[in-house]
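*Asks:*
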Amino acid sequence: MLISQKWLTSLLNNAGNPGWSVSAEELDAGFVRVGFETEGYEPLPETTGPLVIGRVEEIEELTEFRKPIRYCQVNVGKANGTGELQGIICGARNFKEGDYVVVSLPGAVLPGGFEIAARETYGHISNGMMASEAELGFTSKSDGIITLPEGVGELGQDAREVLGGPDTIFEVNVTPDRGYALSARGLGREVASAFDLEYKDVAKDPSVAGVDVSSVPAPTGDLIPITLEESTKAQRFGLRKVEGIDPTVQAPFWMQRVLMLAGVRSVNAATDVTNYVMLLLGQPMHAFDADKVAGGLRVHNAQGGEEFETLDHTKRTLTPGDVVISDDNGIQSLAAIMGGTTSEIGDDTTNVYFEAASWGALTVARSARHHKLSSEASRRFERGVDPTIIEVALDMACALLVEIAGGTISDKRTLVEGTAQNREPINLRVAHPSELIGVEYSKETVIKRLQEVGCDIADNGDVLVVTPPAWRTDLNEPVELIEEIVRLEGLDDIPLVLPTPRGGRGLSQEQRRRRAVTHALAYSGYVEIIPTPFMSNTVVDTWGLDADDPRRNTVGVQNPLDADYAVLATTLLPAMLEAVGRNVARGRHDLSLYSVAQTAEKTADESPMPSVAERPSDAVVEELVSSLPVQHLHAATVAIGNIEPEGPWGDGRAYTWADAIESAQVVARACGVTLDIESVEHLPWHPGRCAQLSVDGVVVGYAGELHPQVLEALGLPERTCAMEIDLTAVPFNQTLPAPVLSSFPALHQDIALVVDEAVPAESVRRTIEQNAGDLLEAVELFDVYRSESLGDGKKSLAFGLIFRAPDRTLTDDEASAGRLAAAEAAEKEFGAQMRA
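Counting from 10, one number per residue, gives the positions in the sequence shown under our numbering.
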């Protein structure tokens with residue numbers, strides 16, 4: 010909220026602190042001390058040189074130019090040294106002969122370094138300038154020059170005294186739970202606490218703001234009938250009337266100044282009064298032209314579909330969730346947000362209805378967001394407005410308008426009660442603040458600070474019965490009261506005690522494994538991406554998955570960001586393949602990506618929706634937990650193009666299905682497990698180039714080249730390869746203690762076995778590993794040979810075997826015995842023949 014320091018200071022002076030003032034820096038620190046950050050503060054820009062009060066004596070309309078121009082004779086008294094009329098050119102149209110204006114004479118320097126000098130323009134010499142609010146730095150733009158009321162001062166007098174003098178504008182950051190602070194009343198209360206000042210509530214004593222409501226007659230009956238429907242959630246609605254005002258009179262400059270410095274545009278006297286009361290009390294109001302209101306008023310929900318033109322001259326289509334105010338002619342106002350043009354205050358308005366009400370915060374917030382119409386009123390109502398100040402707001406508005414524009418206040422008033430919202434008292438143990446915060450707060454301190462907030466307190470000894478004020482809707486629990494005590498006493502008084510960390514706690518097994526996998530894939534040349542947790546609704550159909558495939562068991566999103574991506578991903582590949590497609594479209598043809606992220610699989614078609622009024626039963630909690638989706642951590646890689654680039658050194662090497670399988674091995678080694686690999690058919694992989702990945706007999710993933718039809722449907726390059734492993738399904742393997750390294754040399758022997766083409770090499774390797782004896786340290790496939798000499802449908806698999814003993818140097822005979830035992834086992838299982 011923007012607020013003038015001078016205005017805030019004057020209110021506190023009138024509230025029992027005469028002569029009190031602080032610097033802008035001290036006031037900023039005071040706001041922070043009671044928990045209100047400021048976005049900064051800026052002094053009003055200064056005008057130097059002669060800036061005086063003048064009166065327009067004559068106006069000559071110059072019609073020979075493209076835009077209307079006036080040549081004015083202005084009386085500035087003796088300020089010009091001669092007493093003669095000052096000739097000034099002006100293009101504004103909001104003044105007439107006899108009006109008092111602010112004149113900057115030659116020699117004045119306006120904000121921004123704009124120097125005023127006598128100069129010829131439009132065929133005349135202009136000896137100065139009649140100033141607007143924008144030119145003096147009060148606002149960013151204005152519709153005309155400043156006009157002052159008659160008798161405001163002597164002609165030629167320094168205008169700075171009338172304009173309010175130097176000031177500083179604060180922008181206070183008001184959080185959503187403190188709507189009361191969007192007013193001078195609320196901020197004044199906070200500043201009074203920050204500087205330990207006396208505070209008088211302007212809502213209880215309007216004289217603090219210089220408003221005399223003694224002339225406002227006590228209501229003797231209803232003004233007009235008002236119907237307040239319960240469905241609107243409105244709490245109270247009040248209406249008063251002022252008759253016979255002068256529609257030509259503008260609000261005094263002191264009021265316009267308060268509005269301008271708060272970022273509110275001056276419109277007319279009646280509207281300016283409602284805005285001033287809103288800034289002062291925090292109670293938004295609306296002014297109707299009473300002659301344009303037919304019959305009584307009805308506060309109700311719109312039917313939906315009606316078209317309504319708001320004061321910003323925008324036609325809006327209403328919804329059943331909008332609350333409106335209607336008369337016999339139709340809708341007159343979009344309640345709590347903005348009035349309508351049909352009963353707008355005009356240049357001929359003489360009779361005014363002032364309306365003040367308290368509306369449901371949630372209803373206002375929904376309507377404002379639906380219509381994308383955030384007004385000063387809606388900002389306050391959706392944060393909560395004090396429902397108890399409607400009467401005083403109406404009285405102050407009536408008194409101010411009569412003081413400004415004349416007229417009489419009707420002795421009738423309509424006040425309708427709607428949905429009651431009584432505040433429940435809160436029991437607060439006196440010792441609770443001290444116990445919770447660790448700072449000793451006396452009983453007197455607790456009571457004093459809660460009273461400063463506006464609470465009513467009943468002292469029951471060790472327990473205080475606290476009733477929060479109507480405007481503090483955020484105070485409902487003892488801890489919230491304690492927060493107010495601590496805030497006002499000073500957060501700096503709380504000692505800083507660093508917690509002592511517990512030893513022996515580090516990353517969990519899951520966290521260490523995830524970190525190991527991500528590091529291993531990154532070190533292997535893959536680039537990490539963070540995939541979206543959603544996947545396309547049609548991707549499983551594009552892949553052609555079976556109806557019972559678990560990847561079809563998706564969790565739907567009730568309010569998706571994108572209707573085409575309305576399910577949680579059961580696999581990481583869809584999002585990764587889309588990333589590949591985007592890169593290809595941008596000219597990247599060599600790419601290797603990886604991701605480690607969670608997937609979700611549905612476990613129940615629906616979840617129970619227990620009441621929030623009480624804790625659900627254990628059975629309902631168990632049902633809730635069991636209905637949650639199963640989330641597993643997956644690791645996946647996708648690659649296209651070359652894994653080794655082309656260059657002067659020779660041709661590049663394309664990424665193949667074997668590299669996809671190797672990426673799975675990288676993950677397995679990071680997890681400390683051994684993969685069993687065998688050929689299978691599993692979409693979306695190519696049926697002849699897909700490997701099933703297992704650990705201890707449990708299938709954990711697949712790797713290989715993707716199916717050509719899937720790639721064609723997705724618009725991806727041929728030979729795109731991918732791998733995906735369910736890390737949650739991979740068992741944890743304890744690798745401690747570390748193995749003891751042997752200091753004895755190893756013996757290397759090779760074995761070549763001729764087997765049928767259909768026999769997987771991995772199966773042969775496992776058989777050798779299991780039967781070559783305890784001295785076998787490692788076995789690796791290093792060559793696959795095919796030749797007519799081997800026979801039709803035959804291949805030769807060459808393995809390198811490493812033998813080592815931990816306590817001695819092996820002999821060739823010991824290693825050969827292990828090698829021959831492995832060959833015999835392969836012959837029995839696969840019919841393998843050992844090549845010479």
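Note that CB positions come from ideal geometry on N, CA and C, so glycine has one too.
Helix, strand or coil for threonine 541? Go by DSSP, reduced to three states.
*Replies:* In the structure shown, threonine 541 sits in coil (DSSP, three-state: anything other than H, G, I, E or B).
*Asks:* Exposed or buried, which one is methionine 264 when buried takes at least 16 other CB atoms within 10 Å?
*Replies:* Counting Cβ neighbours within 10 Å, methionine 264 comes out buried, since at least 16 surround it.
*Asks:* By how many angstroms is the C-alpha of arginine 307 removed from the C-alpha of threonine 350?
*Replies:* So the alpha carbons of these two residues sit roughly 18 Å apart.
*Asks:* Give a yes or no on whether the C-beta atoms belonging to leucine 762 and valine 773 are separated by under 8 Å.
*Replies:* It is a contact, given that the beta carbons lie within the stated cut-off.
*Asks:* In terms of residue numbering, what span does the beta strand (DSSP E) encompassing serine 367 cover?
*Replies:* Element bounds for serine 367: 361 to 367.
*Asks:* Can you tell me whether tryptophan 694 is helix, strand or coil according to DSSP?
*Replies:* Strand at tryptophan 694.
*Asks:* Grouping DSSP H, G and I as helix and E and B as strand, with all else coil, what is proline 740?
*Replies:* Residue state, collapsed to three classes: coil.
*Asks:* Rounded to a whole number of angstroms, what is the C-alpha to C-alpha distance between serine 847 and glutamate 492?
*Replies:* Residue coverage of the chain in this structure runs from 10 to 845, which leaves residue 847 outside it and unanswerable.
*Asks:* Tell me valine 788's beta-bridge partners as DSSP assigns them.
*Replies:* The partner list for valine 788 (beta bridge, DSSP) reads Leu810.
*Asks:* Would alanine 303 and asparagine 338 qualify as a contact pair, given that the criterion is a beta-carbon distance under 8 Å?
*Replies:* Yes, the Cβ-Cβ distance between alanine 303 and asparagine 338 is below 8 Å.
*Asks:* Does DSSP put asparagine 284 in a helix, a strand or coil?
*Replies:* Of the three classes helix, strand and coil, the one that applies to asparagine 284 here is helix, per DSSP.
*Asks:* By the 10 Å Cβ neighbour count, where 16 or more other Cβ atoms means buried, how is glycine 174 classified, buried or exposed?
*Replies:* It is exposed - the Cβ of glycine 174 has fewer than 16 other Cβ atoms within 10 Å.
*Asks:* Quick one: which unbroken beta strand (DSSP E) runs of 3-plus residues sit fully inside the region 628 to 681? Chain order, please.
*Replies:* Counting only runs of 3 or more, we get 639 to 649 and 651 to 653.
*Asks:* Keeping to the same chain, check which residues put their C-beta closer than 8 Å to that of arginine 325; ignore five residues upstream and five downstream.
*Replies:* Cβ neighbours of arginine 325 beyond the five flanking positions: Glu316, Phe317, Glu318, Thr319, Leu343, His380 and Leu382.
*Asks:* What is the DSSP secondary structure of valine 462, reduced to helix, strand or coil?
*Replies:* If DSSP states are grouped into helix, strand and coil, valine 462 belongs with the helices.
*Asks:* Expressed to the nearest angstrom, what Euclidean distance is found between the alpha-carbon atoms of glutamate 34 and valine 566?
*Replies:* Each residue's Cα considered, the two are about 50 Å apart.
*Asks:* Grab the span of the beta strand (DSSP E) containing histidine 757 for me, first residue to last.
*Replies:* Histidine 757 -> beta strand (DSSP E) spans 756 to 765.
*Asks:* Apart from the five residues on each side of it in sequence, which residues of its chain come closer than 8 Å, Cβ to Cβ, to arginine 523?
*Replies:* If we look at arginine 523 and ignore the five residues flanking it on each side, its Cβ neighbours are Val605, Leu642 and Leu736.
*Asks:* Within this structure, are the beta carbons of leucine 191 and methionine 10 separated by less than 8 Å?
*Replies:* Against a cut-off of 8 Å, the Cβ pair of methionine 10 and leucine 191 comes out as a contact.
*Asks:* Over the uninterrupted alpha helix (DSSP H) stretch that includes threonine 18, give me the two end residues.
*Replies:* Element bounds for threonine 18: 14 to 23.
*Asks:* Looking only at its own chain, which residues have a Cβ that is under 7 Å from the Cβ of aspartate 357, when we skip the five neighbours before and after it?
*Replies:* Excluding positions up to five away in sequence, the list reads Pro256.
*Asks:* Grab me the residues of glutamate 159's own chain with a C-beta within less than 7 Å of its C-beta, minus the 5 sequence neighbours each way, in chain order.
*Replies:* Closer than 7 Å at Cβ, skipping near neighbours: Tyr109.
*Asks:* Look at the alpha carbon of lysine 76 and the alpha carbon of valine 65, and state the distance between them as a whole number of angstroms.
*Replies:* Spanning the two alpha carbons is a distance of roughly 21 Å.
*Asks:* Out of curiosity, what's the CA-to-CA distance linking glutamate 385 and serine 451?
*Replies:* Using only the alpha carbons, I get a separation of about 40 Å.
*Asks:* I'd like to know whether the C-beta atoms of arginine 392 and glycine 188 end up nearer to each other than 8 Å.
*Replies:* Contact flag set, yes.
*Asks:* Would serine 32 pass as a contact of isoleucine 178 if the rule is Cβ separation under 8 Å?
*Replies:* Result no, Cβ atoms of serine 32 and isoleucine 178 do not sit closer than 8 Å.
*Asks:* Whether or not the region 411 to 419 and the region 467 to 479 are in contact is what I'm after, with contact meaning three or more pairs of Cβ atoms, one per stretch, closer than 8 Å; do they touch?
*Replies:* No, the region 467 to 479 does not touch the region 411 to 419.
*Asks:* I'd like the span of the beta strand (DSSP E) that includes leucine 403, first residue to last.
*Replies:* Segment 399 to 414 is the alpha helix (DSSP H) holding leucine 403; no beta strand (DSSP E) there.
*Asks:* How is leucine 343 classed by DSSP in three states: helix, strand or coil?
*Replies:* Three-state DSSP puts leucine 343 in a strand.
*Asks:* Tell me the start and end of each unbroken alpha helix (DSSP H) in the region 201 to 251 that is at least 4 residues and wholly inside, in chain order.
*Replies:* Entirely contained in the region 201 to 251, not one alpha helix (DSSP H) run reaches 4 residues.
*Asks:* Contact between the region 535 to 548 and the region 580 to 587 is defined here as three or more beta-carbon pairs at a separation below 8 Å; is this criterion met?
*Replies:* These segments touch.
*Asks:* Examine the Cβ distances between the region 139 to 155 and the region 112 to 123 and report whether three or more of them are shorter than 8 Å.
*Replies:* Short answer: they touch.
*Asks:* Could you give the distance in angstroms between the alpha-carbon of proline 657 and the alpha-carbon of histidine 598?
*Replies:* Distance between the alpha carbons of proline 657 and histidine 598: 19 Å.
*Asks:* Tell me which residue opens and which closes the beta strand (DSSP E) that lysine 421 is part of.
*Replies:* Residues 417 to 426.
*Asks:* Note the first and the last residue of the continuous alpha helix (DSSP H) segment covering lysine 381.
*Replies:* No alpha helix (DSSP H) contains lysine 381, which DSSP labels as neither H nor E.
*Asks:* Within a Cβ cutoff of 6 Å, which residues of the same chain sit near valine 462, ignoring the five residues on either side of it in sequence?
*Replies:* Glu493, listed in sequence order.
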